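Undergrad: Chains as they are written, first to last, in our numbering: chain A, 14 to 223; chain B, 14 to 223. Where is the CB? At the ideal position from N, CA and C, for every residue including glycine. Quantities reported herein were computed from a predicted structural model and do not represent experimental measurements.
There are 2 protein chains.
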Amino acid sequence: MTRTARHGADGPPAVARGRRPATSRENVARAALDLFNRQGYDETTVDEIAAAVGVSRRTFFRYYDSKREVVWGEFDAELVRLEEKLASASTDEPMMDVLRRAVVATNRFGAGELDELRIRMGLISSVPTLVAHSAVRYAEWCDVVAGFVAGRIGGAPDDLGPQTVARAALGAAMAAFTCWARYDTDDLTGEVDRAFRLLATGFDEDRLRG
Amino acid sequence: MTRTARHGADGPPAVARGRRPATSRENVARAALDLFNRQGYDETTVDEIAAAVGVSRRTFFRYYDSKREVVWGEFDAELVRLEEKLASASTDEPMMDVLRRAVVATNRFGAGELDELRIRMGLISSVPTLVAHSAVRYAEWCDVVAGFVAGRIGGAPDDLGPQTVARAALGAAMAAFTCWARYDTDDLTGEVDRAFRLLATGFDEDRLRG
DNA sequence: CAATTTATAGCACCGAATGCCAAAATGGAA
DNA sequence: TTCCATTTTGGCATTCGGTGCTATAAATTG
Numbered sequence: 014m015t016r017t018a019r020h021g022a023d024g025p026p027a028v029a030r031g032r033r034p035a036t037s038r039e040n041v042a043r044a045a046l047d048l049f050n051r052q053g054y055d056e057t058t059v060d061e062i063a064a065a066v067g068v069s070r071r072t073f074f075r076y077y078d079s080k081r082e083v084v085w086g087e088f089d090a091e092l093v094r095l096e097e098k099l100a101s102a103s104t105d106e107p108m109m110d111v112l113r114r115a116v117v118a119t120n121r122f123g124a125g126e127l128d129e130l131r132i133r134m135g136l137i138s139s140v141p142t143l144v145a146h147s148a149v150r151y152a153e154w155c156d157v158v159a160g161f162v163a164g165r166i167g168g169a170p171d172d173l174g175p176q177t178v179a180r181a182a183l184g185a186a187m188a189a190f191t192c193w194a195r196y197d198t199d200d201l202t203g204e205v206d207r208a209f210r211l212l213a214t215g216f217d218e219d220r221l222r223g
Numbered sequence: 014m015t016r017t018a019r020h021g022a023d024g025p026p027a028v029a030r031g032r033r034p035a036t037s038r039e040n041v042a043r044a045a046l047d048l049f050n051r052q053g054y055d056e057t058t059v060d061e062i063a064a065a066v067g068v069s070r071r072t073f074f075r076y077y078d079s080k081r082e083v084v085w086g087e088f089d090a091e092l093v094r095l096e097e098k099l100a101s102a103s104t105d106e107p108m109m110d111v112l113r114r115a116v117v118a119t120n121r122f123g124a125g126e127l128d129e130l131r132i133r134m135g136l137i138s139s140v141p142t143l144v145a146h147s148a149v150r151y152a153e154w155c156d157v158v159a160g161f162v163a164g165r166i167g168g169a170p171d172d173l174g175p176q177t178v179a180r181a182a183l184g185a186a187m188a189a190f191t192c193w194a195r196y197d198t199d200d201l202t203g204e205v206d207r208a209f210r211l212l213a214t215g216f217d218e219d220r221l222r223g
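(1) Do you know offhand how far proline 107 (chain B)'s Cα is from phenylalanine 216 (chain A)'s?
(2) Glutamate 82 (chain B): which of B:Arg133, B:Pro170, B:Ala163 and B:Ile166 sits nearest, CA to CA?
(3) What residues in the region 115–138 of chain B bring their beta carbon closer than 7 Å to a beta carbon of chain A?
(4) Determine the burial state of proline 141 (chain A): buried for a count of at least 16 other Cβ atoms within 10 Å of its Cβ, exposed for fewer.
(5) What does valine 149 (chain A) touch in chain B if you count any residue whose Cβ is under 7 Å from its own?
(6) Please decide whether threonine 17 (chain B) counts as near chain A, where near means a Cβ-Cβ distance under 7 Å.
(7) Using the three-state DSSP reduction, which class does tyrosine 54 (chain A) fall into: helix, strand or coil?
(8) For alanine 42 (chain B), which three-state DSSP category applies?
(9) When Cβ atoms are compared, which residues of the region 77–99 of chain B fall closer than 8 Å to chain A?
(10) Leucine 211 (chain A) CB to nearest chain B CB: under 7 Å?
(11) Would you mind giving the Cβ-Cβ distance between valine 158 (chain B) and alanine 145 (chain A), rounded to the nearest angstrom? I have them listed as a contact below 8 Å.
(12) Assuming the contact rule is C-beta atoms closer than 8 Å, cysteine 192 (chain B) and leucine 173 (chain A) should be a hit. Round their C-beta distance to whole Å, please.
(13) For the region 176–193 of chain A, which residues have a beta carbon sitting closer than 8 Å to at least one beta carbon of chain B?
(14) Tell me which residue opens and which closes the alpha helix (DSSP H) that alanine 159 (chain A) is part of.
(15) What does arginine 207 (chain B) reach in chain A if we use C-beta pairs closer than 7 Å?
(16) Report yes or no: do the region 106–122 of chain B and the region 60–79 of chain B share at least 3 C-beta pairs separated by less than 8 Å?
(17) Output, in chain order, the set of chain B residues within a Cβ distance shorter than 7 Å of arginine 222 (chain A).
(18) With distance defined between alpha-carbon atoms, name the residue in A:Thr119, A:Arg165 and A:Leu127 nearest to arginine 195 (chain A).
(19) Only counting runs of 4 or more residues, tell me where the alpha helix (DSSP H) segments fall wholly within the region 65–115 of chain A, in order along the chain.
(20) What distance in whole Å lies between the Cβ atoms of alanine 185 (chain A) and arginine 180 (chain B), which are believed to be in contact at a cut-off of 8 Å?
(21) Using a Cβ cut-off of 7 Å, pull out every chain A residue sitting near alanine 152 (chain B), in sequence order please.
(22) Starting from threonine 214 (chain B), find everything on chain A with Cβ-Cβ shorter than 8 Å and list it in chain order.
(23) Just to confirm, is the Cβ distance from alanine 65 (chain A) to alanine 42 (chain A) under 7 Å?
(24) Applying the criterion that 16 or more other CB atoms from any shown protein chain within 10 Å of the CB defines a buried residue, is glutamate 204 (chain A) buried or exposed?
(25) Could you check the C-alpha separation between glycine 223 (chain B) and glycine 135 (chain A) for me, to the nearest Å?
(26) Residues of chain A with a CB under 7 Å from the CB of glutamate 204 (chain B): which are they?
(27) Show which residues of chain B have a CB atom less than 7 Å away from the CB atom of glutamate 61 (chain A).
(28) Express the C-alpha separation of threonine 119 (chain B) and arginine 94 (chain B) in angstroms, rounding to a whole number.
(29) Can you list, in chain order, the residues of its chain whose CB lies under 7 Å from that of serine 69 (chain A), leaving out five sequence neighbours each side?
(30) Counting C-beta neighbours from all protein chains within 10 Å, is the total for serine 147 (chain A) 16 or more, i.e. buried, or is it exposed?
(31) Measuring only between beta-carbons, confirm whether glutamate 106 (chain A) sits less than 7 Å from chain B.
(32) Using DSSP with H/G/I as helix, E/B as strand and the rest coil, what is phenylalanine 122 (chain A)?
(33) Rank B:Thr214, B:Asp110, B:Leu143 and B:Leu130 by C-alpha distance to the C-alpha of leucine 201 (chain B) and give the top, closest one.
Next up, the structure:
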């Protein structure tokens, strides 16, 4: 991260020296998502976003490293929360239960955030460029889960066991998210919960039908 | 696919009219992989690949739609084989057993192919651009599996059940592949088999340790 | 006012990718 | 052989995302 203190979450407020920022990450994201939503992701150029915000193209790239990153918002923070939940869980609770509850917990959103989240997830799961980029972001998510699993069963996070669990868990989470984003169900956490319960039963065919 | 008959697999041989191709997909792939392997993917420009093959940059893009596609070789054909295996399986055999055996079967490679495959998989799982693109390719794989699962348990391929199984299965396959590509084990199918058995037992903790 | 700090704008540049058109190379028919 | 249809190639212009560099604008502090 080469981002300045202004964009980060930590550090003292540090009274504003120097020139004031012309906008904010939130502002840029709002303008960009609005354009993506109206005219499509690929049909929206960085120049247009910058113009909509009222800054230069070069400045856009100081707020977001790339056009695709805009859609991901503050995903980093969610990763940290997941890691904390997993680390603080009781070692008595079965591994897959801990995992399910942690993923469910990190994906609770207020009613006000759901609309924007649905737009974001709809884009991420349908625009090829963003589908592609999601693999990079989700790899970080996988690393967190693999680390947790390795801690539980022993061995390295890169071993087959932890890797299989982590990537399969990611698959379950992605399935829940895309189903939620596409259909009208408001119950995101419910979908996540169901997906992880299916996963933990080894995809029992009767349960899948039920 | 806007590719000409020459590159496709079907249609009559159709005696060569017109100008002869200056090279072939295989040729381009060999030259490209060699360069990727020696100097890195990002450090290799399309111009270099084209020069190595002895064609123009523009012609390179007639053999492969993009630089990243080169690494994927003839992945399409493998998809077709997977679909056939799944469709021809006995309906008596448990779903997850069918799936495991089909994936194992479509990933048997001769000793001569393994070295190149390891290079391909090493790139796919380590170069960010290719990690990203893998999501697009693997989405097609998921569609095949989700279709199979939906056929077994009823409902639409887009429903939560089939999507969860398909994406989790993909995760297991990816875990097996990356572990195989990184370590020295020559037993690719063994890794795939193990990953899918873990998946089908719901990640039993004892089995994971064993 | 001057010095320092921070953010911005603008420019040049690179590489991937696409559309377009002319030229080369081949086989077949007149 | 000559002409034509066919197919591939090559080169050019263009678009777009992304990066490095530099000058400048705006703000606080002394």
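TA: Reading off the structure:
(1) On the second sequence, residue 107 (chain B) is found 94 positions in, with the first residue counted as 1. On the first sequence, residue 216 (chain A) is found 203 positions in, with the first residue counted as 1. Each residue's alpha carbon lies about 11 Å from the other.
(2) Stepping through the second sequence from its first residue, residue 82 (chain B) is reached at position 69. Selected option, being the one with the closest Cα: B:Arg133.
(3) none
(4) Within the first sequence, the letter at position 128 stands for residue 141 (chain A). Its Cβ having fewer than 16 others within 10 Å, proline 141 (chain A) is exposed.
(5) Position 136 of the first sequence, counted from the start, is the residue given in the question as residue 149 (chain A). Here the neighbours are Pro141, Val144 and Ala145.
(6) Within the second sequence, residue 17 (chain B) is the residue found at index 4, counting from 1. No answer about threonine 17 (chain B) holds up, because its pLDDT of 40 lies below 50 and its placement is not dependable.
(7) As a working note, residue 54 (chain A) is residue 41 in the first sequence. Residue state, collapsed to three classes: coil.
(8) Start at 1 with the first residue of the second sequence, and residue 42 (chain B) comes out as number 29. Here alanine 42 (chain B) sits in helix by DSSP.
(9) none
(10) Start at 1 with the first residue of the first sequence, and residue 211 (chain A) comes out as number 198. True, the Cβ-Cβ gap to chain B drops below 7 Å.
(11) In the second sequence, residue 158 (chain B) corresponds to position 145, counting from 1. In the first sequence, residue 145 (chain A) corresponds to position 132, counting from 1. Not really, about 20 Å apart at Cβ, beyond 8 Å.
(12) Position 179 of the second sequence holds residue 192 (chain B). Position 160 of the first sequence holds residue 173 (chain A). Contact flag correct, Cβ pair sits at about 5 Å.
(13) Gln176, Thr177, Val178, Ala179, Arg180, Ala181, Ala182, Leu183, Gly184, Ala185, Met187, Ala188, Ala189, Thr191 and Cys192
(14) Within the first sequence, the letter at position 146 stands for residue 159 (chain A). First-last of the alpha helix (DSSP H) with alanine 159 (chain A): 141–166.
(15) Taking the second sequence and counting its residues from 1, one reaches residue 207 (chain B) at position 194. Leu173, listed in chain order.
(16) no
(17) For this step, residue 222 (chain A) is matched to residue 209 along the first sequence. Result: Ile166 and Gly167.
(18) By one-based count along the first sequence, residue 195 (chain A) stands at place 182. The candidate whose alpha carbon is nearest that of arginine 195 (chain A) is A:Leu127.
(19) 70–76 and 88–100
(20) Along the second sequence, one-based indexing puts residue 180 (chain B) at 167. Along the first sequence, one-based indexing puts residue 185 (chain A) at 172. Contact holds; Cβ gap of about 7 Å.
(21) Taking the second sequence and counting its residues from 1, the one referred to as residue 152 (chain B) is at position 139. Simply Val144.
(22) The count along the second sequence starts at 1 and reaches residue 214 (chain B) at position 201. Neighbours of threonine 214 (chain B) on chain A, chain order: Gly215.
(23) Within the first sequence, numbered from 1, the residue matching residue 65 (chain A) stands at position 52. Within the first sequence, numbered from 1, the residue matching residue 42 (chain A) stands at position 29. Result no, Cβ atoms of alanine 65 (chain A) and alanine 42 (chain A) do not sit closer than 7 Å.
(24) Counted from its first residue, the first sequence places residue 204 (chain A) at position 191. Answer is buried; the Cβ neighbour count reaches 16.
(25) The sequence position of residue 223 (chain B) within the second sequence is 210, counting from 1. The sequence position of residue 135 (chain A) within the first sequence is 122, counting from 1. In a straight line, the C-alpha of glycine 223 (chain B) is about 40 Å away from that of glycine 135 (chain A).
(26) Walking along the second sequence from the start, residue 204 (chain B) turns up at place 191. Result: Leu173.
(27) Locating residue 61 (chain A) in the first sequence gives position 48, counting from the first residue. Ordered by position in chain B, no residue passes the 7 Å Cβ test against glutamate 61 (chain A), which lies about 23 Å from the chain.
(28) Here residue 94 (chain B) refers to the residue found at position 81 when the second sequence is read from its first residue. Here residue 119 (chain B) refers to the residue found at position 106 when the second sequence is read from its first residue. Approximately 7 Å, taken between the alpha carbons.
(29) Translated into the one-based positions of the first sequence, residue 69 (chain A) becomes position 56. Hits under 7 Å: Ala63.
(30) Stepping through the first sequence from its first residue, residue 147 (chain A) is reached at position 134. Result: buried.
(31) Working through the first sequence from its first residue, we reach residue 106 (chain A) at position 93. Judged by the 7 Å Cβ criterion, glutamate 106 (chain A) is not in contact with chain B.
(32) Locating residue 122 (chain A) in the first sequence gives position 109, counting from the first residue. Of the three classes helix, strand and coil, the one that applies to phenylalanine 122 (chain A) here is coil, per DSSP.
(33) Within the second sequence, residue 201 (chain B) is the residue found at index 188, counting from 1. Among B:Thr214, B:Asp110, B:Leu143 and B:Leu130, the Cα nearest to that of leucine 201 (chain B) belongs to B:Leu130.
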